[in-house]
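J.: Mapped onto our numbering, the consecutive letters of the sequence shown carry residue numbers 554 to 995.
Every residue, glycine too, gets a C-beta built ideally from N, C-alpha and C.
The structure is given below, and queries will be raised subsequently.
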Amino acid sequence: MPLQARAVITVLPTLPHGLVDQLAEYRVVDPDVHLDVVVPQLKQAPALNRRLQQVADSSVHAFRRTVRREAGRGPGRYHAMTVGWQLLARSDTTTGIQLWVAQQHGLQVRIQPVTVWYDHSSRKVLSLRDLFAPAAWPAAQRAVVGALRQHSDRPAAVKAALAAPGHPEGKGPTFGFSAGGSLVVTPAAHSRSPHGMPASVRLASGPLQSRLSQAGRSASGAARRHQSGDARPGRVDCSIRKCVALTFDDGPGPYTAELVSILEQQNVTATFFLVGDRVRQAPDLVATLDEAGLEIGNHSSHHDELTFLGAVEMEHDLASASRAIAAVTGHRPTLLRPPYGSRNSTVDAVSTKLRMAEILWDVDTLDWRHPDPAHIRHAAVNRARRGSLILMHDVHRTSVAAVPHIITDLQRRGFTLVTVSQLLHDTPAPGRVYRHQSDSPP
Ligand code: NI
């Protein structure tokens, strides 16, 4: 069977929880330049810890270099850097760690994923090449380069980057295993998807197995075991688990596809309240949301303040937005978020008639007012409590840039991220107003 490969817009498996008690952290903080870098440190894995520190330190150096260079050129832009992490796999034989390196310079935001895989028996950090039996490596390289042809004008550079050992500044490939055991490779250098995220290649699980080295089989097994048994969307019981729901308003917009990639990479779900006019302009993005299993709600047709509309006009507006969504997804939304959270008894009556629950929020990140990922991250994470509905807007690049860190921070605090319907025990009632899970007794 030939080694199969196809290009995808990335999917790294992730696991929310894992043995945090065995971990220490290596942290670099400098409030003067909005720097907050944190990577884990494991017991009895010195080579892994060194590599993680290297990634942290080299990221910090690169960031400071940029800041210094600009300081000589007159009035400075805003700068910020954060590095966060999560476990991809953890077993006696293998540890996989995902790092997110996010840099902001002015309004430019760049998020770079870095993966570090460690083999506990050889006490070595694993390169992509180490996952393969030596004889299988050339074919694996060809498969990845071939699948990326559309996304890269420099196949030779991609090939070289694949062979390179994992680079502290993230120039080597990142890799991980999907829930089905496929190997997902993202050659960070010289390949970009249309939305700015690095393009990824998925090597199908079946033909892959016979080509893996011993270390590769251990890593793949550890990743799969780490994923199974944990909460998957649709099977979450929020009366037992500590759940919160991320919600994104006003899209679909230019950063929606990137956000979907991030959510898929981190294996979490969320709810999107879409504006009817924008749905009609970008039905493909709505299809992307729907295919990714994300929940879609109604945010009116034109983002008018509903309380300024009469009942007839209001019904027309909301029904029209629902129709636009249903034209793509095949079903009308059951959730309404009134623009500006503005509602009255007419809104209640119309949403009852249109069979939609009114979803407000208890955590407002004010991300539209503060276009700064660090600020948004802080606002979302520090105010979240069990059952929170967190309000964000994916029409801002800076909001999307904050999401990887919001997810890892929330997960490290023990939260499970769910859709609004999941948070409300799948029973939000039409015409009723919800600001928090406690508005929906189990
Ligand atoms: Ni809005």
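#1: Quick check: what's the CA-CA separation for P747 versus V813?
#2: Under DSSP, the alpha helix (DSSP H) around W914 begins and ends at which residues?
#3: With H, G and I counted as helix, E and B as strand and the rest as coil, what does DSSP make of E858?
#4: Could you please give the first and the last residue of the uninterrupted alpha helix (DSSP H) stretch that includes L761?
#5: Mind listing, in chain order, the continuous beta strand (DSSP E) runs of no fewer than 3 residues lying wholly within the region 620-654?
#6: Under the rule that 16 or more other beta-carbon atoms within 10 Å means buried, what is F861, buried or exposed?
#7: For L799, which option in D589, R626, T918, T739 has the closest C-alpha, if you only look at C-alpha atoms?
#8: Is it true that the CB of A937 sits closer than 8 Å to the CB of V916?
#9: Using 8 Å as the threshold, is the C-beta distance between R908 and P983 below it?
#10: Are V754 and A810 closer than 8 Å when you measure CB to CB?
#11: Three Cβ pairs or more, each shorter than 8 Å: is that satisfied between the region 656-664 and the region 677-685?
#12: For a test of your reading of the model: does the CB of P892 fall under 7 Å from any non-hydrogen atom of the ligand NI? Yes or no.
#13: May I have the straight-line CA-CA distance separating S941 from R622, to the nearest angstrom?
#14: Comparing the CB of H856 with every heavy atom of the ligand NI, is any distance shorter than 7 Å?
#15: How big is the Cα-Cα spacing for Q975 and G625?
#16: Within the present structure, is the beta-carbon of H852 separated from the nearest heavy atom of the ligand NI by less than 7 Å?
#17: Helix or strand or just coil, what does DSSP make of L942?
#18: So does D870 have its beta carbon nearer than 7 Å to some heavy atom of the ligand GTP?
#19: What whole-angstrom Cβ distance do E911 and P891 have, given they're in contact under 8 Å?
#20: At the level of alpha carbons, what is the spacing between T668 and Q651?
#21: Compare the C-alpha of Q964 against each of P807, L944, R777, A933 and name the closest.
#22: With 16 other CB atoms within 10 Å as the buried threshold, where does A864 fall?
#23: Do you know whose CA, among S853, T882, E858, lies nearest H869's CA?
#24: Do F728 and L761 have their C-beta atoms closer together than 8 Å?
#25: Please look up how many angstroms separate the CB atoms of D947 and G774, rounded, as I've assumed it's under 8 Å.
#26: Helix, strand or coil, according to DSSP, for K677 in the structure here?
#27: Please classify V839 as buried or exposed, where buried requires at least 16 neighbouring CB atoms within 10 angstroms.
#28: To the nearest angstrom, how far is the alpha carbon of L871 from that of S612?
#29: Around the Cβ of Y987, are there at least 16 other Cβ atoms within 10 angstroms (buried) or fewer (exposed)?
#30: I want to check one thing, is the minimum distance from the CB of D802 to the heavy atoms of the ligand NI below 7 Å?
#31: In this structure, does DSSP put V828 in helix, strand or coil?
#32: My output table needs one value for W670: the three-state DSSP class, helix, strand or coil.
#33: Helix, strand or coil: how does DSSP classify P740 here?
#34: DSSP on R985, reduced to helix/strand/coil?
#35: Taking only three categories from DSSP, how would you classify R957?
#36: Please report the straight-line C-alpha distance between S991 and A927, rounded to a whole angstrom.
T.: Put simply:
#1: By one-based count along the sequence shown, residue 747 stands at place 194. By one-based count along the sequence shown, residue 813 stands at place 260. Reliability of the predicted coordinates at P747 is poor, the pLDDT of 46 falling under 50, and the value obtained from them is presented with this limitation in mind. Straight across, the Cα-Cα distance linking P747 with V813 is about 13 Å.
#2: Translated into positions along the sequence shown, residue 914 becomes position 361. Counting along the chain, W914 falls outside any alpha helix (DSSP H), and DSSP gives it neither H nor E.
#3: On the sequence shown, position 305 is the one that residue 858 refers to. When secondary structure is reduced to three states using DSSP, E858 falls in the coil class, being assigned neither helix nor strand.
#4: Position 208 of the sequence shown holds residue 761. Run containing L761: 758-762, per the alpha helix (DSSP H) assignment.
#5: Runs of the beta strand (DSSP E) inside the region 620-654: 632-643.
#6: Numbered from its first residue, the sequence shown carries residue 861 at position 308. Of the residues assessed, F861 falls on the exposed side of the cut-off, its CB having fewer than 16 other CB atoms within 10 angstroms.
#7: Indexing the sequence shown from 1 puts residue 799 at position 246. Comparing Cα-Cα distances from L799 to each of D589, R626, T918, T739, the minimum goes to T918.
#8: For the purposes of this step, residue 916 is taken as the residue at position 363 of the sequence shown. For the purposes of this step, residue 937 is taken as the residue at position 384 of the sequence shown. Yes, the pair counts as a contact, with Cβ atoms nearer than the cut-off.
#9: Working through the sequence shown from its first residue, we reach residue 908 at position 355. Working through the sequence shown from its first residue, we reach residue 983 at position 430. Going by C-beta atoms, R908 is nearer than 8 Å to P983.
#10: One-based indexing of the sequence shown puts residue 754 at position 201. One-based indexing of the sequence shown puts residue 810 at position 257. In this structure, the beta-carbon distance from V754 to A810 does not fall below 8 Å.
#11: These segments do not touch.
#12: Position 339 of the sequence shown, counted from the start, is the residue given in the question as residue 892. For P892, the shortest separation between its Cβ and any heavy atom of the ligand NI lies below 7 Å.
#13: The count along the sequence shown starts at 1 and reaches residue 941 at position 388. The count along the sequence shown starts at 1 and reaches residue 622 at position 69. Using only the alpha carbons, I get a separation of about 42 Å.
#14: By one-based count along the sequence shown, residue 856 stands at place 303. Yes, since a heavy atom of the ligand NI falls inside the 7 Å radius drawn around the Cβ of H856.
#15: Mapped onto the sequence shown, residue 975 falls at position 422. Mapped onto the sequence shown, residue 625 falls at position 72. Cα-Cα distance, rounded: 51 Å.
#16: The count along the sequence shown starts at 1 and reaches residue 852 at position 299. Under cutoff, so the answer is yes.
#17: Locating residue 942 in the sequence shown gives position 389, counting from the first residue. In this structure, L942 counts as strand in the three-state DSSP scheme.
#18: This structure simply doesn't include the ligand GTP; it includes the ligand NI instead.
#19: In the sequence shown, the residue the question calls residue 911 occupies position 358. In the sequence shown, the residue the question calls residue 891 occupies position 338. Under the criterion of beta carbons closer than 8 Å, E911 and P891 qualify as touching, at roughly 6 Å.
#20: Taking the first residue of the sequence shown as position 1, residue 668 is located at position 115. Taking the first residue of the sequence shown as position 1, residue 651 is located at position 98. Separation of T668 and Q651 (C-alpha to C-alpha, rounded to the nearest whole angstrom) is 5 Å.
#21: As a position in the sequence shown, residue 964 is number 411, starting the count at 1. Minimum Cα distance to Q964 is reached at A933.
#22: Residue mapping note: residue 864 aligns to position 311 of the sequence shown, counting from 1. Exposed, by the Cβ-count rule.
#23: Stepping through the sequence shown from its first residue, residue 869 is reached at position 316. Scanning S853, T882, E858 for the CA closest to the CA of H869 turns up S853.
#24: On the sequence shown, position 175 is the one that residue 728 refers to. On the sequence shown, position 208 is the one that residue 761 refers to. Their beta carbons are not under 8 Å apart, which means F728 does not touch L761 by this criterion.
#25: Working through the sequence shown from its first residue, we reach residue 947 at position 394. Working through the sequence shown from its first residue, we reach residue 774 at position 221. No, D947 and G774 are not in contact; Cβ-Cβ is about 36 Å, not under 8 Å.
#26: Translated into positions along the sequence shown, residue 677 becomes position 124. Strand, per DSSP.
#27: In the sequence shown, the residue the question calls residue 839 occupies position 286. Buried.
#28: As a position in the sequence shown, residue 871 is number 318, starting the count at 1. As a position in the sequence shown, residue 612 is number 59, starting the count at 1. Between L871 and S612, the C-alpha separation is close to 47 Å.
#29: Counted from its first residue, the sequence shown places residue 987 at position 434. It counts as buried.
#30: Locating residue 802 in the sequence shown gives position 249, where the first residue counts as 1. Correct: D802 has its Cβ closer than 7 Å to the ligand NI.
#31: Position 275 of the sequence shown, counted from the first residue, corresponds to residue 828. Secondary structure at V828: coil, using DSSP grouped into helix, strand and coil.
#32: Counting from one through the sequence shown, the residue named residue 670 turns up at place 117. It is a strand residue.
#33: Residue mapping note: residue 740 aligns to position 187 of the sequence shown, counting from 1. Taken through DSSP and simplified to helix, strand or coil, P740 comes out as strand.
#34: Reading the sequence shown from its first residue, position 432 is the one you call residue 985. In the three-state scheme derived from DSSP, where H, G and I count as helix and E and B as strand, R985 is classed as coil.
#35: As a position in the sequence shown, residue 957 is number 404, starting the count at 1. Note that residue 957 is Pro in the sequence shown, not Arg. Reduced to three states, the DSSP call for P957 is helix.
#36: One-based indexing of the sequence shown puts residue 991 at position 438. One-based indexing of the sequence shown puts residue 927 at position 374. A direct Cα-to-Cα measurement between S991 and A927 gives close to 29 Å.
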